[in-house]
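Residue numbers (this note's numbering), protein chains in the order written: chain A, 1 to 162; chain B, 163 to 570. Backbone N, C-alpha and C define an ideal beta-carbon position, used for all residues, glycine too. All figures in this text were calculated on a predicted structure; none of them were measured in a lab.
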Ligand code: SF4
């Protein structure tokens with residue numbers, strides 16, 4: 001499962017309150033969520049990411065609330081996968097659960113606009129623009145399986161449980 | 163084999179092979195004892211549950227659905243999501259807590275759903291609060307909740323544990339909130355990411371349940387998966403030779419009242435260093451500091467006083483029970499006479515869904531646990547976190563004030 005897209009880069013400590021504010025989370029319409037993704041941080045996020053981009057960040061991406069609306073909003077807005085130096089625990093898990101791949105690596109070696117390629121479950125992220133490979137912290141096996149099925153919902157549908 | 167931490171013990175007990183020793187780093191499938199979900203996250207969990215083919219929750223008596231994040235409903239979309247939850251709870255036979263009863267975590271504690279050694283999941287990051295009851299309790303997203311509702315299980319990576327030694331005891335004007343803010347400053351906002359925290363020391367040994375809840379509540383602000391204020395009555399303990407990732411020591415004798423500055427919970431300083439900051443709004447409530455003990459503390463300082471002009475004080479008791487108690491004791495009257503405005507027990511103000519949204523550029527002093535940008539509904543407001551005592555002192559003067567200045 002190969003994913004390829006252009007990097008849209010932000011800084012450290014991006015909280016779920018910034019990814020999507022609590023006041024916008026009360027809906028089951030994923031399009032509404034996507035429309036407000038990252039708006040407090042960068043009003044042009046939607047444009048930048050559309051057409052399939054890779055969200056790149058520094059340390060502790062997704063800290064704070066357990067709201068799954070955060071990864072859902074990003075995925076629906078067009079994020080193919082997220083690369084960050086570190087992730088907050090709950091966000092990391094939620095992203096995988098909804099089938100959005102997360103890649104822990106040294107994102108200093110990525111610039112805005114670089115083309116990145118990631119094969120889900122692999123231990124390398126390719127920066128095609130810079131002809132570089134970045135080492136990726138391996139995902140637990142169960143997470144790779146969930147991602148390959150497209151998230152926990154299709155996983156359980158297929159396997160009837162864990 | 164060395165001894166085990168509390169997290170290791172509880173996860174082993176709930177694993178599919180409880181006889182097999184468990185250590186940090188292992189990945190396990192565990193059966194869960196209790197599930198909690200509220201109106202901000204349950205609708206999505208119910209949708210995912212249905213999408214994965216779920217028709218019957220594995221054991222409805224092990225679950226509770228609570229309306230607290232936006233109650234009473236501020237507009238129709240939320241009202242409809244809440245009605246979907248009511249319907250689902252009725253169909254499935256899941257205990258249901260109507261809006262106005264209070265903040266989910268306070269309700270779970272008051273209703274005594276949990277026993278020491280239990281394993282609990284909640285679709286709320288502050289589910290870690292139940293660590294004060296000796297429970298391995300952690301926040302998950304809606305899809306994890308849906309999978310647990312369906313299978314009665316979830317998977318866990320056994321966390322490493324940080325040991326925090328609290329030395330000495332608290333001086334005047336200091337409270338559990340100051341202890342945990344100080345700890346956040348020492349550990350850092352991501353210093354316990356993926357980890358468990360165990361707190362020890364003579365102060366914890368004697369701390370009240372309310373104080374221990376405040377401590378456990380905020381471990382997630384350091385990224386922790388769970389946390390335990392380890393006192394003799396906790397009902398579960400780590401082995402003496404348990405292995406810790408690291409140890410931190412905090413000197414409570416030297417502790418002063420603390421604040422966390424905008425927009426990071428670990429950007430903490432003594433109140434004295436923020437003493438010139440003018441405030442526009444103060445919030446007394448939340449699962450961190452909305453209990454009767456907190457309201458009493460504030461009322462003690464506000465008795466017979468008035469809040470400063472230009473300051474708004476919003477109070478949201480953590481539960482109906484807390485509110486009734488505060489009424490009986492005259493605590494609520496004191497707070498209202500001083501100029502406070504009381505909101506329905508629940509979360510709205512804390513999370514910015516409704517009630518008490520600050521204006522652009524305004525400074526809020528809050529007794530809750532989070533001061534991220536945008537947290538209270540306006541990303542141009544500045545949120546400071548502090549204890550109920552510091553809040554009471556500050557609303558009187560109109561600027562951030564050390565409570566020791568007013569308590570002679
Ligand atoms: S009071 Fe605030 S922190 Fe606590 S559960 Fe409610 S929204 Fe979350």
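Check: Does DSSP put residue 432 of chain B in a helix, a strand or coil?
Finding: In the structure shown, the three-state DSSP call for residue 432 of chain B is strand.
Check: Going by alpha carbons, who is nearest to residue 530 of chain B out of B/503, B/494 and B/375?
Finding: When only C-alpha atoms are compared, the closest one is B/375.
Next item on the list: For the beta strand (DSSP E) holding residue 444 of chain B, just list the boundary residues, first then last.
Entry: Where residue 444 of chain B is concerned, the enclosing beta strand (DSSP E) stretches over 443-447.
Next item on the list: Note down, in chain order, every chain A residue with its Cβ under 7 Å from the Cβ of residue 317 of chain B.
Entry: Within chain A, the residues near residue 317 of chain B are 142 and 162.
Item checked: Selection of the stretch 204-221 of chain B by Cβ proximity to chain A, strictly under 7 Å -> Those residues of the stretch 204-221 of chain B that come within reach of chain A (Cβ to Cβ, closer than 7 Å) are 205, 206, 209, 210, 213, 214 and 215.
Margin query: Please classify residue 451 of chain B as buried or exposed, where buried requires at least 16 other C-beta atoms within 10 Å of its C-beta.
Written below: Buried, by the Cβ-count rule.
Margin query: Along the chain, where does the alpha helix (DSSP H) containing residue 542 of chain B start, and where does it finish?
Written below: No alpha helix (DSSP H) contains residue 542 of chain B, which DSSP labels as neither H nor E.
Notebook entry, point to check: Between the C-alpha atoms of residue 81 of chain A and residue 69 of chain A, what's the straight-line distance to the nearest angstrom?
Noted result: Cα to Cα, the separation comes out at about 16 Å.
Next item on the list: Please check if any C-beta of chain B sits within less than 8 Å of the C-beta of residue 60 of chain A.
Entry: Yes, residue 60 of chain A counts as interfacial toward chain B.
Notebook entry, point to check: How is the alpha helix (DSSP H) around residue 172 of chain B delimited, first residue to last?
Noted result: 168-176 is the span of the alpha helix (DSSP H), which, as asked, contains residue 172 of chain B.
Note to self: Can you determine whether any heavy atom of ligand 1 sits closer than 7 Å to the C-beta of residue 192 of chain B, and answer yes or no?
What the structure shows: Annotation for residue 192 of chain B indicates a beta carbon at 7 Å or more from all heavy atoms of ligand 1.
Margin query: Strictly below 7 Å CB to CB, what residues from chain C border residue 399 of chain B?
Written below: Of the protein chains in this structure, namely A and B, none is chain C.
Note to self: Which residue wins for smallest C-alpha separation from residue 166 of chain B, given the options B/360, B/331 and B/526?
What the structure shows: Nearest option by C-alpha distance: B/360.
Margin query: I'd like to know whether the C-beta of residue 287 of chain B is nearer than 8 Å to at least one C-beta of chain A.
Written below: Yes - at least one Cβ of chain A is within 8 Å of the one on residue 287 of chain B.
Next item on the list: Kindly indicate which three-state DSSP category residue 63 of chain A falls into: helix, strand or coil?
Entry: Looking at residue 63 of chain A - three-state DSSP - the assignment turns out to be strand.
Notebook entry, point to check: Can you tell me whether residue 118 of chain A is buried or exposed, with buried defined as 16 or more other CB within 10 angstroms of its CB?
Noted result: Counting other Cβ atoms within 10 Å of its Cβ, residue 118 of chain A reaches 16 or more and is therefore classed as buried.
Item checked: Which listed residue (B/341, B/301 and B/429) has its alpha carbon closest to that of residue 67 of chain A -> Nearest option by C-alpha distance: B/301.
Checklist line | Any non-hydrogen atom of ligand 1 closer than 7 Å to residue 149 of chain B Cβ | finding: Nothing can be reported for residue 149 of chain B: it is not among the residues displayed for chain B, which extend from 163 to 570.
Check: If you follow the beta strand (DSSP E) that residue 316 of chain B is part of, which residue opens it and which one closes it?
Finding: Run containing residue 316 of chain B: 315-319, per the beta strand (DSSP E) assignment.
Check: Would the C-beta of residue 393 of chain B count as close to ligand 1, meaning under 7 Å from any of its heavy atoms?
Finding: Proximity of the beta carbon of residue 393 of chain B to ligand 1 is not indicated: no heavy atom of the ligand is located closer than 7 Å.
Check: Hey, how far is the Cα of residue 318 of chain B from the Cα of residue 423 of chain B?
Finding: So the two alpha carbons sit approximately 33 Å from each other.
Check: Residues of chain A with a CB under 9 Å from the CB of residue 532 of chain B: which are they?
Finding: Ordered by position in chain A, the residues that pass the 9 Å Cβ test against residue 532 of chain B are 15, 17, 64 and 65.
Item checked: Start-end ranges of the alpha helix (DSSP H) lying completely within the stretch 100-130 of chain A, minimum 4 residues -> For the stretch 100-130 of chain A, not a single whole alpha helix (DSSP H) run of length 4 or above is found.
Next item on the list: Under 8 Å between beta-carbons, which chain A residues line up against residue 351 of chain B? List them in chain order, please.
Entry: By Cβ distance, chain A contributes 13, 60 and 63.
Checklist line | Status (buried if at least 16 other CB within 10 Å, exposed otherwise) for residue 299 of chain B | finding: Residue 299 of chain B should be labelled buried.
Checklist line | Strand pairing of residue 360 of chain B, partner residues [DSSP] | finding: DSSP, once it has assigned bridges, lists B/325 and B/390 as partnering residue 360 of chain B.
Check: Closer than 8 Å, CB to CB, is residue 57 of chain A near chain B or not?
Finding: At a cut-off of 8 Å, the C-beta of residue 57 of chain A has no neighbouring C-beta in chain B.
Notebook entry, point to check: Going along chain B, which residues have a C-beta under 9 Å from residue 107 of chain A?
Noted result: Within chain B, no C-beta atom comes nearer than 9 Å to that of residue 107 of chain A; the closest sits roughly 15 Å away.
Notebook entry, point to check: Listing by chain order, which chain B residues have their CB less than 7 Å from the CB of residue 77 of chain A?
Noted result: Neighbours of residue 77 of chain A on chain B: none; closest Cβ ~17 Å, over 7 Å.
Note to self: Taking a contact to mean a Cβ-Cβ separation below 8 Å, would you say residue 71 of chain A touches residue 98 of chain A in this structure?
What the structure shows: For the 8 Å CB-CB criterion, residue 71 of chain A and residue 98 of chain A form a contact.
Check: Just curious, the alpha helix (DSSP H) that residue 2 of chain A is in, first and last residue?
Finding: Where residue 2 of chain A is concerned, there is no enclosing alpha helix (DSSP H), although the beta strand (DSSP E) it sits in stretches over 2-9.
Notebook entry, point to check: Is it buried or exposed for residue 159 of chain A, if we count other Cβ within 10 angstroms and need 16 for buried?
Noted result: Under this definition residue 159 of chain A is an exposed residue.
Checklist line | As assigned by DSSP and simplified to three states, the class of residue 230 of chain B | finding: In the structure shown, residue 230 of chain B adopts coil according to DSSP, grouped into three states.
Check: Do three or more CB pairs link the stretch 343-356 of chain B to the stretch 88-97 of chain A at distances below 8 Å?
Finding: Taking a contact to require three or more Cβ pairs closer than 8 Å, the stretch 343-356 of chain B and the stretch 88-97 of chain A qualify as touching.
Item checked: Contacting residues, own chain, Cβ-Cβ under 7 Å from residue 304 of chain B (five flanking each side not counted) -> Closer than 7 Å at the Cβ level, and outside the excluded window around residue 304 of chain B, lie 203, 206, 207, 210 and 285.
Note to self: At a threshold of 7 Å, does residue 448 of chain B count as lining ligand 1 (C-beta to nearest heavy atom)?
What the structure shows: Result yes, Cβ under 7 Å from ligand 1.
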